[in-house]
Every structure is written in C-alpha cells, then in structure tokens.
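Counting in the numbering used here, the sequence shown runs from 15 upward without gaps.
We put the CB at the ideal spot given by N, CA and C, even for glycine.
Have a look at the structure below, then the notes.
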Amino acid sequence: MSNGSNVTTVGAVTQPWRARLAPGVLLGTIGVIGFSFSLPATRLALRDLDPWVVAFGRALVAAALAALVLRATRAPRPTPAQWRALAIVAAGVVVGFPLLTSLALQIVVGLAPAATAVMAVLRAGERPSGAFCAASAAGTLAVLVFAFVSGAGSLRVTDVELLLAVVLVGLGYAEGGALARDLGGTRTICWALVLSAPLLVPVVAVRLAQTGFHVHADSAFGFAYVAGVSMFAAFFAWYAGLARGGVARIGQIQLVQAPLTLLWAGLFLGERVTAG
Numbered sequence: 015m016s017n018g019s020n021v022t023t024v025g026a027v028t029q030p031w032r033a034r035l036a037p038g039v040l041l042g043t044i045g046v047i048g049f050s051f052s053l054p055a056t057r058l059a060l061r062d063l064d065p066w067v068v069a070f071g072r073a074l075v076a077a078a079l080a081a082l083v084l085r086a087t088r089a090p091r092p093t094p095a096q097w098r099a100l101a102i103v104a105a106g107v108v109v110g111f112p113l114l115t116s117l118a119l120q121i122v123v124g125l126a127p128a129a130t131a132v133m134a135v136l137r138a139g140e141r142p143s144g145a146f147c148a149a150s151a152a153g154t155l156a157v158l159v160f161a162f163v164s165g166a167g168s169l170r171v172t173d174v175e176l177l178l179a180v181v182l183v184g185l186g187y188a189e190g191g192a193l194a195r196d197l198g199g200t201r202t203i204c205w206a207l208v209l210s211a212p213l214l215v216p217v218v219a220v221r222l223a224q225t226g227f228h229v230h231a232d233s234a235f236g237f238a239y240v241a242g243v244s245m246f247a248a249f250f251a252w253y254a255g256l257a258r259g260g261v262a263r264i265g266q267i268q269l270v271q272a273p274l275t276l277l278w279a280g281l282f283l284g285e286r287v288t289a290g
C-alpha cells in the first residue's frame, strides 16, 4: 500500500518506491521479452494445431506445471478475497487473451500499456503523475498512428473485439500486479492457472477428439513456447515487476513488445518488416 510520503509497504518490508523501481523495471523487461515471442510462436503452433487447442491447451499445460510448483513450494491457499481477484486474472490473461490472439494482437499489445495504467488506477489504487499520463498517452497515440497507417487507413478489426481484448489484457495485468504484492508473482499466475483448469479440460478434450494432435517439430516448438514461457515462466517476472515497480509504471514497458515481436517475426519466420 502507499502513504503520503511516497513509501510503498509490501508485507513487513517498507521501502521508498524509487528504490523498488529499478528491480521492477528489470523484472518487467524480462517478462516482456518472454511475451514478445508469443505471436511468432503462436503462428508456428497454428501450422498444425487447432486454434482452440493452442489457446486453451497452452493454458492447460501451464496449469499442470503451476500445480507442481504450488505443491513443491507448499503454497498456502488464497483467501476468499484473493480467489475473487484470481478469477479476474484468469478471465483476463488465461482465458480471454489467448482466445483473442488472432484478432488484432499487434494493436492489442500496443494499447495494453494504456489499458494497464487505467486499470491500475481503478483496481490497484495507484495515482500516476500528470507527466506520466501524458507520456503514456503519447506512446499510445504513436501505436494507433502506426496501426492506422500500416492498415491502409483502417484498423481492420471490429471495435467490439478490439475493446474487449484491450480491457481483458489491462484488467488481467493490473489485477495480477496488485495481487502479486501479497502472493508474489509466481503464486499469482500459478493459482490463476489452476483455477482455470476445470474450464480448460473439456474444451481441449473435445477439440483434440475432433482435430487430433499430429504436429511437426516447428509447431511443437511453438506450442511448447507459448505453454511454458508465454503462459507460465514469463508471468513470474512480469507480475513480480508490476508488484515492485508499480502496475502503471512497469506496464509501460509493454510499448517495446510490438517492435520486438516484429523483430522475431523477421528473424525466425522470414517475414518482411516494412514501414507501412
């Protein structure tokens, strides 16, 4: 929590927020680097796999890993209030976001910092400065201009889908970052994944029965990455960074995610990256 002297209290540890910002930035950057290969990895996975299997299957694999981590660390069960917050995290980043990865993901990634900052105010009780808000708005505007120009004058996606994706991502990140102040980044994503498992199992089972699971090496690698890194390990660093440096501040690191994704797409998928 925060008080009037710009001191942040996490459990029994009290430090000025500036002292916590540097490790928060480092952890947040590690998380974003992990997330940035998600789109290319998803493209690889979709070469052989059904989109629903990729979307929910990766979360189900991550949930199994999360259960092992929670058991190995003997993590205490969350409180009722924490379960409610975890349900929001699960809806945003475990269920909602994977389903929308094929719908204007580049735009969603670019707008996620602004959405995260808004949710940090609404859900985490943070109060960013005016200068911070102006800088965030400038970054968001740059993303929108790029999307508009590269899309030949249109965003090429329905407003409802775009709005839903941005809200879910921002809500899941902000709620998880706030919850990580108490649970820690690792337990936050692990409990959210475990909570989602009962919903994921029947969907994946039905789709696998209909489509099968015959994959080549590149698709297997893509699926393994989005399951083990994008949906699991990267969140350890990301939520820990949000908890340490502030949800709104660290959330702005996401602005570099889209350029990194374009870089990986060019290097590993052979896609041509142009200015428009």
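Checklist entry - Roughly how many angstroms separate the alpha carbons of Val-215 and Ala-33, rounded to a whole number? => result If you number the sequence shown from 1, residue 215 lands on position 201. If you number the sequence shown from 1, residue 33 lands on position 19. Each residue's alpha carbon lies about 43 Å from the other.
Next on the checklist: Once DSSP output is grouped into helix, strand and coil, what is the label at Phe-246?
Outcome noted: Sequence index remark: in the sequence shown, residue 246 carries index 232 (1-based). The answer is helix: DSSP assigns Phe-246 an H, G or I state.
Checklist entry - What is the rounded straight-line gap between the Cα of Thr-172 and the Cα of Arg-88? => result Position 158 of the sequence shown, counting from 1, holds the residue named residue 172. Position 74 of the sequence shown, counting from 1, holds the residue named residue 88. Bear in mind that the predicted position of Thr-172 carries a pLDDT of just 49, short of 50, making it too unreliable to give a figure here.
Item to check | Cα-Cα separation between Leu-100 and Tyr-253, rounded to whole angstroms | outcome: Here residue 100 refers to the residue found at position 86 when the sequence shown is read from its first residue. Here residue 253 refers to the residue found at position 239 when the sequence shown is read from its first residue. Cα to Cα, Leu-100 sits roughly 13 Å from Tyr-253.
Item to check | Residue burial classification, Pro-37 (beta-carbon count within 10 angstroms, cutoff 16) | outcome: On the sequence shown, residue 37 is found 23 positions in, with the first residue counted as 1. Under a 10 Å Cβ-count criterion, Pro-37 is classified as exposed, with fewer than 16 other Cβ atoms of the shown protein chains found around its own Cβ.
Next on the checklist: Using a 10 Å radius around the Cβ and a threshold of 16 neighbouring Cβ atoms, would you call Gly-280 buried or exposed?
Outcome noted: The sequence position of residue 280 within the sequence shown is 266, counting from 1. Burial check for Gly-280: the Cβ neighbour count within 10 Å stays below 16, so the residue is exposed.
Checklist entry - In terms of alpha-carbon separation, which member of Ser-52, Val-220 and Cys-204 lies closest to Pro-92? => result Locating residue 92 in the sequence shown gives position 78, where the first residue counts as 1. Among Ser-52, Val-220 and Cys-204, the Cα nearest to that of Pro-92 belongs to Cys-204.
Item to check | Sufficient close CB pairs (3 or more, under 8 Å) joining the stretch 61-72 to the stretch 225-235 | outcome: yes
Checklist entry - In whole angstroms, what is the alpha-carbon distance linking Leu-74 and Arg-286? => result Residue mapping note: residue 74 aligns to position 60 of the sequence shown, counting from 1. Residue mapping note: residue 286 aligns to position 272 of the sequence shown, counting from 1. Approximately 33 Å between the Cα atoms of the pair.
Checklist entry - alpha helix (DSSP H) containing Gln-224: first to last residue? => result Counting from 1 along the sequence shown, the entry for residue 224 is found at position 210. Start and end: 199-225.
Next on the checklist: Comparing C-alpha positions only, which one of Trp-278, Val-243, Val-83 and Gly-255 sits nearest to Leu-40?
Outcome noted: Walking along the sequence shown from the start, residue 40 turns up at place 26. Among Trp-278, Val-243, Val-83 and Gly-255, the Cα nearest to that of Leu-40 is on Gly-255.
Item to check | Neighbourhood of Leu-113 by C-beta, 6 Å cutoff - its chain only, sequence neighbours within 5 removed | outcome: For the purposes of this step, residue 113 is taken as residue 99 along the sequence shown, with counting starting at 1. Here the set comprises Ala-69.
Checklist entry - Shortest alpha-carbon distance to Ile-198 belongs to which of Leu-79, Gln-96, Arg-72 and Leu-35? => result Residue mapping note: residue 198 aligns to position 184 of the sequence shown, counting from 1. Residue identity differs from the one stated: residue 198 is Gly in this sequence, not Ile. Of the candidates Leu-79, Gln-96, Arg-72 and Leu-35, the one whose C-alpha sits nearest the C-alpha of Gly-198 is Gln-96.
Checklist entry - Just how far apart, CA to CA, sit Gly-265 and Arg-221? => result Within the sequence shown, numbered from 1, the residue matching residue 265 stands at position 251. Within the sequence shown, numbered from 1, the residue matching residue 221 stands at position 207. Each residue's Cα considered, the two are about 34 Å apart.
Item to check | Thr-56 (DSSP reduced to helix, strand or coil) | outcome: To locate residue 56, count along the sequence shown from 1; it is residue 42. Thr-56 falls in the helix class under three-state DSSP.
Checklist entry - Along the chain, where does the alpha helix (DSSP H) that runs through Asp-64 open and close? => result Locating residue 64 in the sequence shown gives position 50, counting from the first residue. Segment: none, Asp-64 is in no alpha helix (DSSP H) and carries neither H nor E.
Next on the checklist: Can you give me the C-alpha to C-alpha distance between Gly-226 and Ala-238, rounded to a whole angstrom?
Outcome noted: Looking up residue 226 in the sequence shown gives position 212. Looking up residue 238 in the sequence shown gives position 224. Taking the straight line from one Cα to the other gives about 17 Å.
Next on the checklist: Output needed for Ala-241: all residues of its chain with C-beta closer than 6 Å, excluding positions within five of it in sequence on either side, in chain order.
Outcome noted: Counting from 1 along the sequence shown, the entry for residue 241 is found at position 227. Cβ neighbours of Ala-241 beyond the five flanking positions: Arg-72, Val-75 and Ala-76.
Checklist entry - Could you give the residue range of the alpha helix (DSSP H) that holds Ile-264? => result The residue given as residue 264 occupies position 250 in the sequence shown. 261-265 is the extent of the alpha helix (DSSP H) around Ile-264.
Next on the checklist: I'd like the list of long-range same chain contacts for Ser-210, defined as Cβ closer than 7 Å, with 5 residues on each side in sequence excluded.
Outcome noted: Locating residue 210 in the sequence shown gives position 196, where the first residue counts as 1. Apart from the 5 residues on each side of it in sequence, Ser-210 sits with its Cβ closer than 7 Å to the Cβ of Ala-73, Ala-77, Ala-104, Val-108 and Val-109 in its chain, given in chain order.
Next on the checklist: Can you tell me whether Thr-275 is helix, strand or coil according to DSSP?
Outcome noted: Translated into positions along the sequence shown, residue 275 becomes position 261. Thr-275 falls in the helix class under three-state DSSP.
Next on the checklist: At the level of alpha carbons, what is the spacing between Gln-271 and Trp-278?
Outcome noted: For the purposes of this step, residue 271 is identified with residue 257 of the sequence shown, where counting begins at 1. For the purposes of this step, residue 278 is identified with residue 264 of the sequence shown, where counting begins at 1. Using only the alpha carbons, I get a separation of about 11 Å.
Checklist entry - With distances taken between CB atoms, is the gap from Phe-282 to Gly-45 smaller than 8 Å? => result The residue given as residue 282 occupies position 268 in the sequence shown. The residue given as residue 45 occupies position 31 in the sequence shown. Going by C-beta atoms, Phe-282 is not nearer than 8 Å to Gly-45.
Item to check | Neighbourhood of Leu-207 by C-beta, 7 Å cutoff - its chain only, sequence neighbours within 5 removed | outcome: Along the sequence shown, one-based indexing puts residue 207 at 193. Here the set comprises Ala-73, Ala-76, Ala-77, Ala-80 and Val-108.
Checklist entry - Within this structure, are the beta carbons of Ala-257 and Arg-195 separated by less than 8 Å? => result As a first step, residue 257 is located in the sequence shown; it is residue number 243 there, counting from the start. As a first step, residue 195 is located in the sequence shown; it is residue number 181 there, counting from the start. Closer than 8 Å, so yes.
Checklist entry - Out of Thr-43, Gly-42, Ser-50 and Pro-90, which has the shortest C-alpha to C-alpha gap to Ser-244? => result The residue labelled residue 244 in the question sits at position 230 within the sequence shown. Each of Thr-43, Gly-42, Ser-50 and Pro-90 was checked against the Cα of Ser-244, and the nearest Cα belongs to Ser-50.
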